[in-house]
Amino acid sequence: MYDDFASPWNIRLKWAYLLAVVFALLMPVFYTIGISFNQHGFGARIYEFTFDWYRVVLGDTLLVVSLKWTLYLALATIAATIPMALLSAKFYKRTRRKVGFVALMLSPLFVPADIMGSSLLVFFKNLARGFAWLGDALGVSWFDGWFDLGFLTAVIGQVIYTHPYAFIVILITMSRYRVQQTEAARACGATAWQAFWHVEFPQIRVGVFSSCAFVTILSFNEAVRTALLKGGFDTFSNMLVAQMLNIGMSGESYAMAGIMSIVSMLVIGTVIVYTLVRAERLERRARAMAEPVMSS
Amino acid sequence: MSPSPARRGRELPAPPARWRQLFGENGIQRWVFYIPVVFFVLFFAAPMTLTVVWSVFERTQFWMEPGFTLFAYDNFFTSARAENYLYSMLHAAASVLISFVIGFPIAVFIRRRVTRAAQHRVILLFILPFMISELVRVFAMRPVLGRNGVVNSVLMDLGILSEPITSILYSPLGVIIGDVMSFLPFMIFAGFLALEAVQNYVFEVCDDLGTGRVRLFTDIVLPLAAPGIFAGSVFIFVNSMGVALVPTLLGGPGAVNAGLIANQAIVALDFPLAMAISTIMIFTLVLLLYIGHRLFDLTKILEPIS
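Top line first, the protein sequences correspond to chains A and B. For the first sequence, the positions run 1 to 296 when the numbering used here is used. For the second sequence, the positions run 1001 to 1306 when the numbering used here is used.
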């Protein structure tokens, strides 16, 4: 038998190891952010703090336009993914064929971006040709342009990519919800929608908003599928890849990487802090309710 | 939970009859839950399945036409691509092994030694790096691992090296480090999720019986966490093989993996070859998941949230 708590150094060492791994995972990102604020860029012996590289990025019309496209793409992805993830989680709870359903929903996690992107690219090109042929056969122009590579195909690619994450987050939140509450609401005469909206949703709201944040970040960061499916516009991450491969590691590239990291950390940091504060508040409330009533 | 009309005991307004008929449980509501299934069958399962069909199509100058030829597979297996594919499998296996050695003890530590209330908070520490763009994380490895990077500078300042190591970046080692840094958190999440399903009394019984660390790990922890370890390993293995970004940015001129080979085929407008590579990749993935499910029942991972 062994006991970590009998030897405080044992447990301290394990904590140190855990934090060292977190540090190792984050250090390159912070180092990159650090370089992005250096007037002299990477490898210089002198460090002079500046916002110049960020000014260059935000002053570049092409990059600002790509940022806008990234934002539109993220919004469209959220609008499609979150309701679908909610429906998937509800369906998972009620279906008897859980294995097949969950395999279908989570499989995109295991298909690498380049492979999925290539398959979808060929699929959409064939679909577009099929609709064009159908239009010709029927003598109408209504089907022209359906599933041509563009915003819609990029959104579909991103929904397939982000949906499994949103589904898992919502499912985790739903696992704490007791279905008897819905049954009670229904017994009191509420419709299925009313029971969901007034009883269930307030309790899973945190999970839904967290998945909104995750989907935003995943969509903002995605580069490969979008590059293959986007058609005529560029997203911010696509521009960064092009910059890295064509120009190399310039101060501008570091600033672009810095923007992507800072946005991700701000959004996820907010979710984490909110989750921790809320958990603390709920715990305090539960403790207060569990305390015996003191006679005055 | 915020106060709602239902909770305050007020009567909810009854929806009109026509509304009830259309949007009620026998109307749209009955079918609305099938939307994700239809979407994923149409835009995920169908393209993945059709990949097999397209891989045997005839190549034309800019596209492909229906037919049956195994030329793309012949082209793949009789060229250096097959060798590169096998090398990328080897690198992916190394990444899985390193991720397991580094990440799984963390999952065990969090599950066993951190209080129940704090476990999810500690896991959140690993969400942050995982949520920063993979592109940025891989890109960030270049100034760290490069000739003038942090690793070389620190080792030289400490007097451990007299001149910088140049073989870390733009080499297979750089690719493996990039893969581990990119996918390590997934091993921790999957391992933790699998261990979360194990009740505390299992460990308490082992402690009471005086089970040694090695035996506890090999006979209790490993078998119970096997579905999670397997899922994490498959994720890392398949992504190490299929994400072209890592060899492109960290591997140098000769480095390739399955994803990069498929990308190069698309750029060369050889769509049947790209589809053949995707088919081989998907077949590898399905085979791994099937074996894993037969051996470990992968649905056990979802038990804590079911």
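Glycine included, each C-beta is placed from N, C-alpha and C at the ideal position. Everything numeric in this text was worked out from a predicted model, so none of it was measured.
Beta carbon proximity, Asp114(A) to chain B, threshold 8 Å: yes
Interface flag, Ser211(A) vs chain B, CB-CB below 8 Å: no
Assigned exposure category for His40(A) - 16 Cβ within 10 Å defines buried: exposed
Residue-level contact to chain A via CB, Gln1029(B), 8 Å cutoff: yes
Contact with chain A by Ser1133(B), beta-carbon distance below 8 Å: yes
Contacting residues, own chain, Cβ-Cβ under 6 Å from Asn1257(B) (five flanking each side not counted): Ser1088, Met1241 and Pro1247
Whole-number beta carbon distance between Val169(A) and Ser211(A), since they are thought to touch under 8 Å: 4 Å
Gly157(A) burial status per 10 Å Cβ neighbour count (16 or more: buried): buried
Nearest-angstrom beta carbon gap, Leu1260(B) and Gly1178(B) [assumed within contact, 8 Å]: In fact, because the Cβ distance is near 13 Å, the residues do not count as touching under 8 Å.
Own chain partners of Thr173(A) with C-beta closer than 7 Å, once the 5 adjacent residues on each side are dropped: Ile204, Val206 and Gly207
Proximal residues of chain B, C-beta to C-beta of Met265(A) below 9 Å: Leu1128, Met1131 and Ile1132
Distance, Arg1213(B) Cα to Ile1220(B) Cα: 10 Å
Length of the line joining the Cα atoms of Phe124(A) and Gly130(A): 9 Å
At least three beta-carbon pairs within less than 8 Å, the segment 185-199 of chain A to the segment 135-150 of chain A: no
Near-chain B residues of the segment 81-100 of chain A - C-beta to any C-beta below 9 Å: Pro83, Met84, Ala85, Leu87, Ser88, Lys90, Phe91, Tyr92, Lys93, Arg94, Thr95, Lys98 and Val99
Exposure label - Ser1002(B); buried when at least 16 CB within 10 Å: Residue placement at Ser1002(B) is poorly supported in this model, since its pLDDT is 48, which falls under 50; the coordinates still yield a value, given next. Label assigned to Ser1002(B): exposed.
Residues that Glu1058(B) bridges to, as DSSP identifies them: Glu1065(B)
Pick from Ser1055(B), Val1286(B) and Glu1196(B) that is closest to Ala1262(B), judged by C-alpha positions: Ser1055(B)
Chain-order list of residues whose beta-carbon lies under 8 Å from that of Lys299(A) (same chain, five-residue window excluded): Given that chain A is displayed from residue 1 to residue 296, the structure contains no residue 299(A) and the question cannot be resolved.
CB contact below 8 Å: Ala1255(B) versus chain E: Annotation note: the requested chain E is absent from the structure, which comprises protein chains A and B.
Cβ neighbour criterion (16 or more within 10 Å) applied to Ser1095(B): buried
is_contact[Arg36(A), chain B] using C-beta, thresh 8 Å: According to the sequence shown, residue 36(A) is Ser rather than Arg. For Ser36(A), the answer is no, since every Cβ of chain B falls outside 8 Å of its Cβ.
Under 7 Å by beta carbon: chain A residues contacting Asn1263(B): Asp114
Sub-8 Å separation of Ile1266(B) and Ala1255(B) beta-carbons: no
For Val277(A) and Glu48(A), the rounded distance between their alpha carbons: 37 Å
Alpha-carbon to alpha-carbon, Arg1081(B) and Phe1071(B): 14 Å
Beta strand (DSSP E) runs wholly inside the segment 34-62 of chain A, at least 3 long, in chain order: none
Delimiting residues of the alpha helix (DSSP H) encompassing Ser1171(B): Here Ser1171(B) belongs to no alpha helix (DSSP H), and DSSP marks it neither H nor E.
Distance between Met260(A) and Ile1132(B) (C-alpha atoms, nearest Å): 8 Å
C-beta neighbour in chain A for Phe1296(B), strict 8 Å: no
Member of Gly232(A), Ala227(A), Ile262(A) and Pro108(A) whose CA lies at the smallest distance from the CA of Leu1245(B): Ala227(A)
Interface residues of chain A facing Pro990(B) [CB-CB closer than 9 Å]: Nothing about residue 990(B) can be read from this structure; chain B reaches only from 1001 to 1306.
is_contact[Ser296(A), chain B] using C-beta, thresh 8 Å: Its pLDDT being 46, under 50, Ser296(A) is placed unreliably by the model, and nothing is read from it.
Residues of its chain near Ser296(A), where Cβ-Cβ distance is below 7 Å and the 5 sequence neighbours each way are ignored: A caution first: Ser296(A) carries a pLDDT of 46, below 50, which makes its placement in the model unreliable, though a value can still be read off. Taken in chain order, the list of residues that qualify is empty.
Stretch pair the segment 243-256 of chain A + the segment 174-189 of chain A: three plus CB contacts closer than 8 Å: no
At least three beta-carbon pairs within less than 8 Å, the segment 13-28 of chain A to the segment 1136-1152 of chain B: yes
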